[in-house]
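Numbering (this note's numbering), first residue to last: 56 to 469.
Positions of the beta carbon are idealized from the N, C-alpha and C atoms, including for glycine.
Please read these numbers as outputs of a predicted model, since none were measured by experiment.
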Ligand code: DSN
């Protein structure tokens, strides 16, 4: 590169990723093919509109690559329509709301403090000023069981036009059938934001909301799905809804689609359709369960009591007397990256919460199995229990580096 400053930063980031362990559950490592497509000349092209209906000329190859991405997305998730243009998960959700709702309409979604996401109507978001968001919660924080009776009661009272399933910090399977039944009873549409678990659904390691009759799914493509940073909206079967979604994404919300990113999505969907991806998705869950087990055996309180997916949420403040922020900082020092996180009904503040959230998508991509994951969980606990012991931290850092070296980040997947 001619720009030595940026080149240096890219190299340093590569080193950081190579030598450390990535446990942020929403991060992963993409293949060289995804990187190549994402860095391709498609970035030069303006393509407002959709395949066959663009505003500018020169669309022979953009049309083909977008159609390929759509076809593969539909095959992967078992649906009829896909819009692959959302730049990320937040715009995908915003476009979906505006497609399905009128200003003032009500949405029933998971409580944000119980695992829901900012884009599901947190008061700081623009959408919360336009639509009315009401909440359902867990009935039992220790098991993660959702209060479906409460969901029905709230749905009957508030008459939502949309019921939203999905989360960014929840570790159990949702009962999609119950949610669809409740939606039918009150005449609501159903939307699943499966950003975190898209790869698990694609790899059949988690249930697919479409199998239970959900109307639409929104998702990111860069988490467990292991694709480029981006978003997508899938529609199970309604052509009417699919048309509304397309209009809402463009021209409703976005301008020109990121064609290089769409090319990279097409590559990622092809990779996820290969048999090896099922093994990968299954291993992600096994690895997360193995880490959760170590925490439980050490009497650390887990929100939801364990995990069914890729993610673990631990209340380390009540169990170990360490705050989420302290944990994040001290673990960074030893080459383990994870994030501080609010726990359900957290008495502490978002910038220094009681919990940590960690997950296994990235280390599973590196080839970690249960044995290595258990060891990492043990090391996390050792560091948190001895956070001021510099010698111990140096020893752990050395072990983390050695582990990372033994499991290099792969460039291709089966
Ligand atoms: N930032 C993503 C996550 O980590 O869950 C979602 O917005």
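For the ligand DSN, is there any heavy atom lying closer than 7 Å to the beta carbon of residue 144? Taking the chain shown and counting its residues from 1, one reaches residue 144 at position 89. In terms of side-chain proximity, the C-beta atom of residue 144 is found nearer than 7 Å to a non-hydrogen atom of the ligand DSN.
Sorry if obvious, but does the Cβ on residue 177 come closer than 7 Å to a heavy atom of the ligand DSN? As a working mapping, residue 177 is identified with position 122 in the chain shown. Result no, Cβ not under 7 Å from the ligand DSN.
DSSP three-state label for residue 448, please. Here residue 448 corresponds to residue number 393 of the chain shown, with the count starting at 1. Residue 448 falls in the helix class under three-state DSSP.
Thinking C-alpha only, which one of 325, 160, 306, 330 is nearest residue 110? Numbered from 1 along the chain shown, position 55 holds the residue referred to as residue 110. When each option's Cα is compared against that of residue 110, the closest is 306.
Along the chain, which unbroken stretches of the alpha helix (DSSP H) at least 4 residues long are found entirely within the stretch 357-423? Listed in chain order, the complete alpha helix (DSSP H) runs (minimum 4 residues) inside the stretch 357-423 are 371-375, 379-388, 416-420.
Would the stretch 226-234 and the stretch 263-276 be scored as touching if the rule is three or more Cβ pairs under 8 Å? Taking 8 Å as the limit for Cβ pairs, the verdict is that the stretch 263-276 does touch the stretch 226-234.
Indicate, with yes or no, if the ligand DSN has a heavy atom lying under 7 Å from the CB of residue 168. Numbered from its first residue, the chain shown carries residue 168 at position 113. For residue 168, the Cβ stays outside the 7 Å cut-off from all heavy atoms of the ligand DSN.
Among 290, 75, 280, the one whose alpha carbon lies nearest that of residue 337: Residue mapping note: residue 337 aligns to position 282 of the chain shown, counting from 1. Answer by Cα proximity: 280.
With a CB to CB cut of under 6 Å and the five nearest residues on each side skipped, what residues in its chain are close to residue 319? Here residue 319 refers to the residue found at position 264 of the chain shown. In its chain, beyond the 5 residues on either side, 89, 92, 93, 283 have a beta carbon closer than 6 Å to the beta carbon of residue 319.
Candidates 120, 65, 150, of which the one nearest residue 310 by Cα: Numbered from its first residue, the chain shown carries residue 310 at position 255. Its Cα nearest to that of residue 310, the residue 150 stands out among 120, 65, 150.
Could you compute how far the alpha carbon of residue 168 sits from the alpha carbon of residue 398? For this step, residue 168 is matched to residue 113 along the chain shown. For this step, residue 398 is matched to residue 343 along the chain shown. The alpha-carbon atoms of residue 168 and residue 398 are separated by roughly 7 Å.
On the CB-based measure, 16 or more other CB atoms within 10 Å of its CB, does residue 71 come out buried or exposed? Here the question's residue 71 lines up with position 16 in the chain shown. With fewer than 16 neighbouring CB atoms inside 10 Å of its own CB, residue 71 falls in the exposed class.
Taking Cβ to Cβ, would you say residue 353 is nearer than 8 Å to residue 436? Within the chain shown, numbered from 1, the residue matching residue 353 stands at position 298. Within the chain shown, numbered from 1, the residue matching residue 436 stands at position 381. Their beta carbons are under 8 Å apart, which means residue 353 touches residue 436 by this criterion.
Residue interval of the beta strand (DSSP E) (run including residue 286): The residue labelled residue 286 in the question sits at position 231 within the chain shown. First-last of the beta strand (DSSP E) with residue 286: 286-290.
So for residue 88, helix, strand or coil by DSSP? In the chain shown, counting from the first residue as 1, residue 88 sits at position 33. If DSSP states are grouped into helix, strand and coil, residue 88 belongs with the helices.
Residues near residue 470 by beta carbon distance below 6 Å, same chain, minus five either side: Residue coverage of the chain in this structure runs from 56 to 469, which leaves residue 470 outside it and unanswerable.
What number of angstroms, rounded off, separates the C-alpha of residue 139 from the C-alpha of residue 317? Position 84 of the chain shown holds residue 139. Position 262 of the chain shown holds residue 317. The alpha-carbon atoms of residue 139 and residue 317 are separated by roughly 7 Å.
Could you please give the first and the last residue of the uninterrupted beta strand (DSSP E) stretch that includes residue 478? No information on residue 478 is available, as it lies outside the stretch 56 to 469 that the chain covers here.
Check whether the stretch 364-373 touches the stretch 406-414, taking contact to mean three or more Cβ pairs, one atom from each stretch, closer than 8 Å. As far as the Cβ criterion goes, the stretch 364-373 touches the stretch 406-414, which means the pair count is three or higher.
Could you check how far apart the C-beta atoms of residue 86 and residue 334 are, in whole angstroms? I think they sit under 8 Å. As a position in the chain shown, residue 86 is number 31, starting the count at 1. As a position in the chain shown, residue 334 is number 279, starting the count at 1. 16 Å between Cβ atoms; not a contact.
Who's in the neighbourhood of the ligand DSN, going by beta-carbon under 5 Å from any heavy atom, listed in chain order? The answer, residue by residue, is 81, 223.
Given residue 429, which residues of its chain have a CB within under 6 Å of its CB, disregarding the five upstream and five downstream residues? Here residue 429 refers to the residue found at position 374 of the chain shown. The residues are 345, 349.
DSSP-derived helix/strand/coil call for residue 163: Locating residue 163 in the chain shown gives position 108, where the first residue counts as 1. In the three-state scheme derived from DSSP, where H, G and I count as helix and E and B as strand, residue 163 is classed as strand.
Considering Cα atoms alone, identify which of 328, 197, 400 is closest to residue 124. The residue given as residue 124 occupies position 69 in the chain shown. Considering only alpha carbons, the answer is 328.
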